[in-house]
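So the protein sequences, as listed, match chains A and B.
Counting from 1403, one number per residue, gives the positions in the first sequence under this note's numbering.
Counting from 1403, one number per residue, gives the positions in the second sequence under this note's numbering.
No residue lacks a Cβ here, since even glycine has one placed at the ideal position from N, Cα and C.
Bear in mind the structure is a predicted one, so any value in this text is a computation, not a measurement.
Everything on this sheet refers to the single structure shown next.
There are 2 protein chains.
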Amino acid sequence: MRNIKITVEYDGTAYSGWQRQEGAGTIQEALENVAGRIMQETIRIVASGRTDAGVHALGQTASFRTSTALPVERIQAGMNSLLSPDIAITAIEEVPASFHARYDSASKVYQYFLYNAPVRSPLRRRYCWHVREPLDCEAMGLAAASLRGRHDFSAFRSSGSDVKTTERTVFATSLLRSADNMVIFEIEGDGFLRSMVRSIMGTLVDVGKGKITPETFRSIMESGDRNRAGATAPPQGLFLKEVRYR
Amino acid sequence: MRNIKITVEYDGTAYSGWQRQEGAGTIQEALENVAGRIMQETIRIVASGRTDAGVHALGQTASFRTSTALPVERIQAGMNSLLSPDIAITAIEEVPASFHARYDSASKVYQYFLYNAPVRSPLRRRYCWHVREPLDCEAMGLAAASLRGRHDFSAFRSSGSDVKTTERTVFATSLLRSADNMVIFEIEGDGFLRSMVRSIMGTLVDVGKGKITPETFRSIMESGDRNRAGATAPPQGLFLKEVRYR
Chain A
1403 MRNIKITVEY DGTAYSGWQR QEGAGTIQEA LENVAGRIMQ ETIRIVASGR TDAGVHALGQ
1463 TASFRTSTAL PVERIQAGMN SLLSPDIAIT AIEEVPASFH ARYDSASKVY QYFLYNAPVR
1523 SPLRRRYCWH VREPLDCEAM GLAAASLRGR HDFSAFRSSG SDVKTTERTV FATSLLRSAD
1583 NMVIFEIEGD GFLRSMVRSI MGTLVDVGKG KITPETFRSI MESGDRNRAG ATAPPQGLFL
1643 KEVRYR
Chain B
1403 MRNIKITVEY DGTAYSGWQR QEGAGTIQEA LENVAGRIMQ ETIRIVASGR TDAGVHALGQ
1463 TASFRTSTAL PVERIQAGMN SLLSPDIAIT AIEEVPASFH ARYDSASKVY QYFLYNAPVR
1523 SPLRRRYCWH VREPLDCEAM GLAAASLRGR HDFSAFRSSG SDVKTTERTV FATSLLRSAD
1583 NMVIFEIEGD GFLRSMVRSI MGTLVDVGKG KITPETFRSI MESGDRNRAG ATAPPQGLFL
1643 KEVRYR
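Structure follows, in structure tokens:
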């Protein structure tokens, strides 16, 4: 069996997230269906991790095993020709049998886009969160920096998620405001709990509005108490930018 | 009667262009309908000019007369609350009775976005034209520069348009390629014929592919022969960026 790694870009607006589930359109299902048609066998695709409903990806990675003799370029072109316009395989390569898209990933980079202006922007609405109130981005950046390092991120996970440990390591954060009122938060970590980036973003906006200080943000993280954190930011601003491997 | 100037941003994807027409959803109709509800009178909105079906605007301008006593901020907030998410009034001001959104405009700036990469990009698909073949952007920029000045632009107009003169003045052009494979063409002129920017763009892409030289591009413009120009580029890459007034 050959082992194939793919990089996938998708507009998550119309999908119930990555993971296949009964009665809902998902990215995994869309990819597995076209892969099966191109390779004429049942294909099971494993991603670096799930993305939630409405979340986008610039560089999600995944892998699958196949017995086809087709060159990878033909697999890519064939799948792209059958996929809906909101999903595309942007890169493909054959990898050693030992490669696993999830277990071998060293880090993931997420970006969250927020539009901070009094009036909403029709041309940005599909890909960012509109926040009217002026935001103190310096305070937000200070708060974001306190995420760096290894922490228990229970305060920023969605209820009902079931994982072995809630400790994760954040390698880098940045928060910047562009000239056209976009606020872009970027975070790189070895893994993320369910809704973790959106819970962080919702709480960072509380900092930006002056409802809490950067110090309180840090104490919320350290408390592990989800009830003290802010609302979960909406999905359309979130992008899985890149998955890095060792 | 008061005279009110508005700046409008819209995602033109779902609309049959600016101008009101029987049996088709247009930006003008959407705005006039909500204006009528807010001001409780029949409002006729005059734009700086039409945009075609599927074309977007970051800064379309328009004006209307009203006898309402409502402050402009209330008119703006009221209309925005009733408008669909793909249209918004981003600025509003009261102007002298003599102001006319169309006749007083000094220039318009259009931008055309093109994504030049072998594989399509799902996240860019709504707002640019995907061209797979590698493009020579230096040659395209040279060709674009020959548009500057006063010319008869008959070669770049859509058939069936009915205007007094086909002469227009182009004040500035630029064409640049970004690090992420976007090619952005910007053009400022005192006016544009129907489909002119998209016809120019289609012909510039012929230059980029090496099908014609920048010199041939110039001779096509000078010939005034629409049959020698390239195909009309698709609407989703075109944005009316700004309308400038004296």
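So who's on the other strand from LEU1577(A), going by DSSP bridges? PHE1587(A)
- Taking DSSP as the reference, what is the three-state secondary structure of THR1415(A)? helix
For the stretch 1488 to 1507 of chain A, enumerate the residues whose C-beta is nearer than 9 Å to any C-beta of chain B, in chain order. ASP1488, ILE1489, ALA1490, ILE1491, THR1492, ALA1493
Rounded C-alpha distance that separates SER1465(A) from LYS1611(B): 35 Å
- Query: Using the rule of at least 16 other Cβ atoms within 10 Å of the residue's Cβ for burial, across every protein chain shown, is MET1403(B) buried or exposed?
  - Reply: exposed
(Q) Does the CB of VAL1645(B) have a neighbour CB from chain A at under 8 Å? (A) no
How would you call THR1567(A), buried or exposed, if buried means at least 16 neighbouring beta carbons within 10 angstroms? exposed
With distances taken Cα to Cα, identify the nearest neighbour of ASN1629(B) among GLN1638(B), PRO1637(B), PRO1636(B), PHE1619(B).
PHE1619(B)
| query | Are any of the Cβ atoms in chain B nearer than 8 Å to that of ARG1476(A)? | reply | no
- [ ] Would you tell me roughly how many angstroms separate the C-alpha atoms of ARG1476(B) and ILE1614(A), rounded to the nearest one?
- [x] 31 Å
Classification of GLU1540(B) by the beta-carbon crowding that lies within 10 angstroms, buried from 16 upward
exposed
Given 8 Å, three or more beta-carbon pairs between the stretch 1446 to 1453 of chain A and the stretch 1416 to 1427 of chain A: yes
- Grab me the residues of THR1634(B)'s own chain with a C-beta within less than 6 Å of its C-beta, minus the 5 sequence neighbours each way, in chain order. SER1597, ARG1600, SER1601, GLY1604
Discussion item. Contact criterion: CB-CB distance below 8 Å. Does ARG1382(A) meet it with respect to chain B?
Written reply: Because chain A in this structure spans residues 1403 to 1648, residue 1382(A) falls outside the shown range and cannot be described.
Open item on the list: Quick check on DSSP: helix, strand or coil for PHE1466(A)?
Closed with: strand
For this session: Report buried or exposed for SER1523(A), applying the criterion of at least 16 other Cβ atoms within 10 angstroms of its Cβ.
Result: buried
Practice problem: For ALA1508(B), collect the residues of the same chain with a Cβ closer than 8 Å to its Cβ; drop the 5 residues on either side in sequence, then sort them by chain order. | Solution: ASP1592, ARG1646, TYR1647, ARG1648
- Find out if the Cβ-Cβ distance for the pair LEU1433(B), VAL1410(B) is shorter than 8 Å. yes
*Endpoints, the alpha helix (DSSP H) within which GLN1478(A) is located*: 1474 to 1484
Using DSSP bridges, identify the partner residues of SER1509(B). ARG1646(B)
* Asked: Is ARG1422(B) near the ligand HEM, judged by its Cβ being under 7 Å from some heavy atom?
  -> This structure lacks the ligand HEM, and indeed carries no ligand of any kind.
Quiz item: Rounded to the nearest angstrom, how far is the Cβ of TYR1529(A) from that of PHE1515(A), given a contact under 8 Å?
Solution: 6 Å
Quick test of the definition: if touching needs 3 or more C-beta pairs under 8 Å, does the stretch 1581 to 1590 of chain B touch the stretch 1488 to 1501 of chain B? no
Q) Excluding the five sequence neighbours on either side, which residues of its own chain have a C-beta within less than 6 Å of the C-beta of ILE1408(B), listed in chain order? A) ALA1464, ILE1491, ILE1494
Any beta-carbon of chain B closer than 8 Å to the one on TYR1514(A)? no
**Prompt:** What is the DSSP secondary structure of THR1605(A), reduced to helix, strand or coil?
**Reply:** helix
At which residues does the beta strand (DSSP E) containing THR1618(B) begin and terminate? Looking at the DSSP string, THR1618(B) is not in any beta strand (DSSP E); the run it does join, the alpha helix (DSSP H), is 1616 to 1625.
Exercise. For LEU1525(B), does the count of other Cβ atoms within 10 angstroms reach 16, so buried, or fall short, so exposed?
Worked result: buried
- Task: Quick one: give me the first and last residue of the beta strand (DSSP E) that ILE1445(A) is part of.
- Result: Where ILE1445(A) is concerned, there is no enclosing beta strand (DSSP E), given that its DSSP letter is neither H nor E.
For LEU1472(B), return the contacting residues in chain A, with the cut-off set at a CB-CB distance below 9 Å.
Going along chain A, no residue has its Cβ under 9 Å from LEU1472(B), so there is no contact; the nearest lies around 17 Å.
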